[in-house]
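These protein sequences, in sequence, are chains E and S. Under the working numbering, the first sequence has 154 at position 154, and the numbering climbs by one with no breaks. Under the working numbering, the second sequence has 1048 at position 48, and the numbering climbs by one with no breaks. Here a beta-carbon is modelled for each residue, glycine too, at the ideal position from N, C-alpha and C. Since the model is a prediction, treat every value here as computed from it, not as a measurement.
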Amino acid sequence: MNVAVEIAALRPATPPSLSEAGPASKRTTAGFGFWVFLLSDLVMFSALFATYAVLARATAGGPGGSELFHQGNVALETACLLASSYSCGLMSMAAHSRRRSAFYLGAIVTFALGAAFLGLELHEFGDMAARGATPQSSAFLSAFFTLVGCHGLHVTVGLVWLVVMGAQVAVRGFEGAVDRRLLCFSLFWHALDIVWIAVFTFVYLIGVHA
Amino acid sequence: MSQVTCDHAPGDIPEEESTHSSGLLVYTIGLLLAVALTGTSFWVANTHLLWGPGTPFGLAVLAIAQMSVHLVFFLHITAYKDSTNNFLALAFGVLVVVLIVTGSLVIVDDLKMTTGSTASLSMPGR
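Laid out in structure tokens, this is it:
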């Protein structure tokens, strides 16, 4: 990289070098700060994943993952979250080019798919509780509900945040601060989808297989 | 890239590909790859094509591949020079995650071997 900078510096009419360009834009620093927060959130999730991996076989004589998990339900949840990640991307593109109606369409689709995911997850939790598989029944179920519930809680927070962003765009338009919050929201939503990949692979698919 | 700029914000599509059609293309390619990898994961878990004990390993590889697809196509985190800070932060985060998960598993596995079992964890009523 330094070599590239030096070569660029030799050319006539050179653009400013990194040190001459001044501080990064507020959008870059805000985005980077939120990115670091998200990575610390991933570290927290990794602790929950480690807990689950250690306790996955501690079923206390109760039902294990292969009896409790329905793959069809998990596949639907995955499809919802993946599609909402895509529509969130389209939403941030619409916000970038200031197309208000396209932005609202993307936001509504993202919200609907996120809410559908949450509904499926709550239905699954209720179904498990009805069969006596509550967080209190075994260390495996405590770890399961903590991990998957924590992800679901993040999705809930994301849905509330999305509603707030819709209201802010309606009232204030795409001004600087609102635009930066939209950037942070899309980072948050995509990061949740990445966590879900780990959940459906390591909890559900490997759990059903084992 | 005509000038030496600061890093772009994570999640932003780098300037040179930020026209509408190419941005759409990036997200669509990402979606297609993610759907293919997810489908493969579910298929692998339900088939006996892979050697039984190797299936979790194959699923882990597929998951890591899909996470990378999401990072590159949805979050636009790359190793290019205008994304250095974002990439370094990610590398550090991944390092901590790997240390926590493998460290916990190695320690508990070792405990299991030295004490015979973790029966106390799976005893009813605990």
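For the stretch 1052-1068 of chain S, the residues whose beta carbon sits under 8 Å from a beta carbon of chain E are, in order, 1055, 1056, 1059, 1060, 1062, 1063, 1066 and 1067. Per DSSP, reduced to three states, the secondary structure at residue 1046 of chain S is coil, with no helix or strand assignment. Among the residues facing chain E, residue 1023 of chain S is included, as its CB has a counterpart in that chain under 7 Å away. Of all residues in the stretch 182-193 of chain E, only 183, 186, 187, 190 and 193 come within less than 7 Å of chain S when Cβ atoms are compared, listed by chain position. Of E:192, E:88, E:148 and E:206, the smallest CA-CA separation from residue 42 of chain E is found for E:192.
Taking 9 Å as the Cβ-Cβ cut-off, the stretch 1025-1037 of chain S approaches chain E at 1026, 1027, 1028, 1030, 1031, 1034, 1035 and 1037, given in chain order. Along the stretch 48-62 of chain E, going in chain order, the ones with a CB nearer than 8 Å to a CB of chain S are 49, 50, 51, 53, 54, 55, 57, 58, 59, 60 and 61. Contact between residue 1105 of chain S and residue 58 of chain E does not hold, since their C-beta atoms are separated by about 14 Å, which reaches or exceeds 8 Å. The stretch 100-117 of chain E and the stretch 77-92 of chain E touch, with three or more beta-carbon pairs separated by less than 8 Å.
Residue 141 of chain E and residue 1024 of chain S have their C-alpha atoms some 41 Å from each other. Per the coordinates, the alpha-carbon of residue 144 of chain E lies some 18 Å from the alpha-carbon of residue 1060 of chain S.
At the C-beta level, residue 47 of chain E and residue 1100 of chain S come within 7 Å of one another. Within chain E, the residues 28 have their CB atoms less than 7 Å from the CB of residue 1008 of chain S, given in chain order. Residue 93 of chain E belongs to the set of residues whose beta carbon lies under 7 Å from a beta carbon in chain S.
Between the stretch 20-34 of chain E and the stretch 176-189 of chain E, the count of Cβ pairs shorter than 8 Å is three or higher; the stretches touch. For residue 178 of chain E, the uninterrupted alpha helix (DSSP H) run begins and ends at 176-198, by DSSP.
Think of a sphere of 7 Å around the beta carbon of residue 1072 of chain S: no beta carbon from chain E falls inside it, the nearest being about 11 Å out. A Cβ of chain E is located within less than 7 Å of the beta carbon of residue 1108 of chain S. If you ignore the 5 residues before and after residue 65 of chain E, its C-beta comes within less than 6 Å of the C-beta of 207, all in its own chain and listed in chain order.
Membership of residue 1056 of chain S in the alpha helix (DSSP H) is indicated by the continuous run 1055-1073. For residue 1042 of chain S, a Cβ of chain E is located within less than 7 Å of the residue's own Cβ.
Look at residue 204 of chain E here: in three-state DSSP terms it is helix.
Contact between residue 1056 of chain S and residue 187 of chain E fails: their C-beta atoms lie close to 30 Å from each other, not under 8 Å. At a Cβ-Cβ threshold of 7 Å, residue 1080 of chain S and residue 89 of chain E do not count as neighbours.
About 27 Å separates the beta carbons of residue 1074 of chain S and residue 70 of chain E, which is beyond the 8 Å limit, so they are not a contact pair. Put simply, the CB of residue 104 of chain E is far from chain S, with every gap to its CB atoms at 7 Å or more.
Annotated three-state conformation of residue 75 of chain E is helix, per DSSP. For residue 201 of chain E, the nearest CB of chain S lies under 7 Å from its own CB, placing it at the interface with that chain.
Under the 7 Å criterion on CB atoms, residue 1104 of chain S is classed as interfacial with respect to chain E.
Exclusion of the five residues before and after residue 1013 of chain S leaves 1023 and 1076 as the residues of its chain whose Cβ lies within less than 6 Å of its Cβ.
DSSP, reduced to helix, strand and coil, places residue 98 of chain E outside both helices and strands of the structure shown, so it counts as coil.
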